[in-house]
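Anchor point for the sequence shown: position 148 equals 148 in full-length UniProt numbering, and the numbering is continuous, going up by one each time.
For each residue, glycine too, the CB sits at the ideal point set by N, CA and C.
Below is one structure, written out as structure tokens; the observations come after it.
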Amino acid sequence: MSEGEKQIDDRSPTVAVIYKYDILLETRTLKRKQLKSVKSHLSYTMFCSNGNVLEKLCYSGQRCQKIPEALVKLYGLKVQSLDLSYNELVTLRGLDGFPALKELVLDNNQLSDTISFPYLPTLQTLSLNKNKILDIQSLLLKIRQNLPNLSYLSLLGNKACPNELSGEENDEEDYQRYRYYVLYHLPNLKFLDSTKVRELERSEARRRGKFMNVIRPRSDEMEEVRLNSNSPNNFTPLPKSIRGPDDHKSAYGKCLYKYSGKNSEGNRFICNSDL
Numbered sequence: 001m002s003e004g005e006k007q008i009d010d011r012s013p014t015v016a017v018i019y020k021y022d023i024l025l026e027t028r029t030l031k032r033k034q035l036k037s038v039k040s041h042l043s044y045t046m047f048c049s050n051g052n053v054l055e056k057l058c059y060s061g062q063r064c065q066k067i068p069e070a071l072v073k074l075y076g077l078k079v080q081s082l083d084l085s086y087n088e089l090v091t092l093r094g095l096d097g098f099p100a101l102k103e104l105v106l107d108n109n110q111l112s113d114t115i116s117f118p119y120l121p122t123l124q125t126l127s128l129n130k131n132k133i134l135d136i137q138s139l140l141l142k143i144r145q146n147l148p149n150l151s152y153l154s155l156l157g158n159k160a161c162p163n164e165l166s167g168e169e170n171d172e173e174d175y176q177r178y179r180y181y182v183l184y185h186l187p188n189l190k191f192l193d194s195t196k197v198r199e200l201e202r203s204e205a206r207r208r209g210k211f212m213n214v215i216r217p218r219s220d221e222m223e224e225v226r227l228n229s230n231s232p233n234n235f236t237p238l239p240k241s242i243r244g245p246d247d248h249k250s251a252y253g254k255c256l257y258k259y260s261g262k263n264s265e266g267n268r269f270i271c272n273s274d275l
């Protein structure tokens with residue numbers, strides 16, 4: 001590892017000491033299946049404010065499929081903020097090596113419904129924008145069990161979050177139902193996606209959020225329906241010999257009820273003189 005740059009920003013009451021490193025790692029990428037030594041870049045920042053220190057690690061845009069073990073060993077016990085956005089992560093294995101995390105940014109990765117979280121009691125912020133999460137119910141259950149103090153959650157750009165970013169078929173009503181459902185299961189959230197949670201919204205979520213999950217058919221089910229609908233075997237018209245254009249059938253019988261018209265008001269807009 002080589003230290004590339006050290007910066008001190010003391011223009012504000014919060015002093016930031018920024019360390020930038022180049023690090024040589026063995027890693028896998030989605031496009032390169034072989035193990036290769038790849039030169040990566042990371043940023044390690046110490047924010048000092050009023051005697052409090054926040055240590056942040058940024059390992060963004062490095063095309064890694066999993067969290068490098070070197071990051072866990074070197075920084076796992078130090079950092080409170082971890083940014084792994086713009087990678088190709090398919091698993092969070094190794095995240096338990098960051099037990100003091102308060103903020104975790106995982107935007108623009110390949111994380112799906114198989115995602116699992118270690119128990120992180122101090123985590124307050126989780127950003128999962130633009131991943132491949134479909135099942136909101138399963139995700140919320142994992143968050144409730146393992147991230148008990150979460151107050152900020154963002155899922156924009158996932159199919160599990162039904163807004164315009166995840167599909168043109170979604171509307172404002174779908175998104176509001178989703179918010180009620182999430183807030184019912186995670187009542188301590190202060191921010192959901194990019195919007196602050198209102199007390200009226202929280203109250204409504206307690207009242208009926210349990211029933212607000214938007215259920216949509218899976219993509220494989222939709223594909224099966226589409227293929228079946230295009231099958232010629234599904235269309236079986238009657239033979240022409242059974243019924244001709246002039247072959248009408250009628251029936252008659254005794255009427256089983258009597259209409260007296262005593263409750264009829266007639267047409268109130270036509271006078272007798274118009275008849």
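Since residue i is in the alpha helix (DSSP H), which residue starts that stretch and which ends it?
| i | result |
| --- | --- |
| residue 297 | The requested residue 297 does not occur in the structure, where the chain is confined to residues 1 to 275. |
| Y119 | Taken as a continuous stretch (DSSP letters only), Y119 belongs to no alpha helix (DSSP H), as it is neither H nor E. |
| V182 | E172 to H185 |
| S203 | E199 to R208 |
| I136 | I136 to N146 |
Here's the rule: buried if 16 or more other CB atoms are within 10 angstroms of the residue's CB, otherwise exposed. What is residue i?
| i | result |
| --- | --- |
| T114 | exposed |
| V197 | buried |
| G76 | buried |
| T45 | buried |
| Y181 | buried |
| P162 | buried |
| Q62 | buried |
| F211 | exposed |
| K130 | buried |
| G51 | exposed |
| V79 | buried |
| G157 | buried |
| S2 | Reliability fails at S2, whose pLDDT of 44 lies under 50, so the model's placement of it is uncertain and no value is given. |
| S49 | exposed |
| Y184 | buried |
| residue 289 | Lying outside 1 to 275, the shown extent of the chain, residue 289 is not represented and no answer is given. |
| S154 | buried |
| Q110 | exposed |
| N87 | buried |
| G4 | Note on G4: pLDDT 49, under 50, position unreliable in the model; no value is reported. |
| G209 | buried |
| L120 | buried |
So residue i and residue j are supposed to be a Cβ contact under 8 Å. How far apart are they, rounded?
| i | j | result |
| --- | --- | --- |
| D96 | S60 | Actually they are not in contact, since the Cβ atoms of D96 and S60 sit about 21 Å apart, beyond 8 Å. |
| R179 | L192 | 6 Å |
| A100 | I133 | At roughly 25 Å, the Cβ-Cβ gap does not stay under 8 Å, so A100 and I133 are not in contact. |
| I23 | S40 | 5 Å |
| C58 | L89 | No, C58 and L89 are not in contact; Cβ-Cβ is about 14 Å, not under 8 Å. |
| G94 | E55 | That pair is no contact at about 18 Å. |
| L186 | L140 | 6 Å |
| Q137 | N213 | 6 Å |
Could you tell me if the beta carbon of residue i falls within a distance shorter than 7 Å of some heavy atom in the ligand ZN?
| i | result |
| --- | --- |
| T122 | No copy of the ligand ZN occurs in the structure displayed, which carries no ligand at all. |
Could you pull the start and end residues of the beta strand (DSSP E) that residue i belongs to?
| i | result |
| --- | --- |
| L126 | T125 to S127 |
| S194 | Per DSSP, S194 belongs to no beta strand (DSSP E) and is neither H nor E. |
| L104 | E103 to V105 |
| S112 | From DSSP, S112 is part of no beta strand (DSSP E); its letter is neither H nor E. |
| S154 | Y152 to S154 |
(message) Restricting to runs no shorter than 3 residues, where is the beta strand (DSSP E) found entirely within the stretch 56-97?
(response) Within the stretch 56-97, complete beta strand (DSSP E) segments of at least 3 residues are found at 81-83, given in chain order.
(request) Check whether the stretch 98-109 touches the stretch 124-137, counting contact only when three or more Cβ pairs, one atom from each stretch, lie closer than 8 Å. (result) yes
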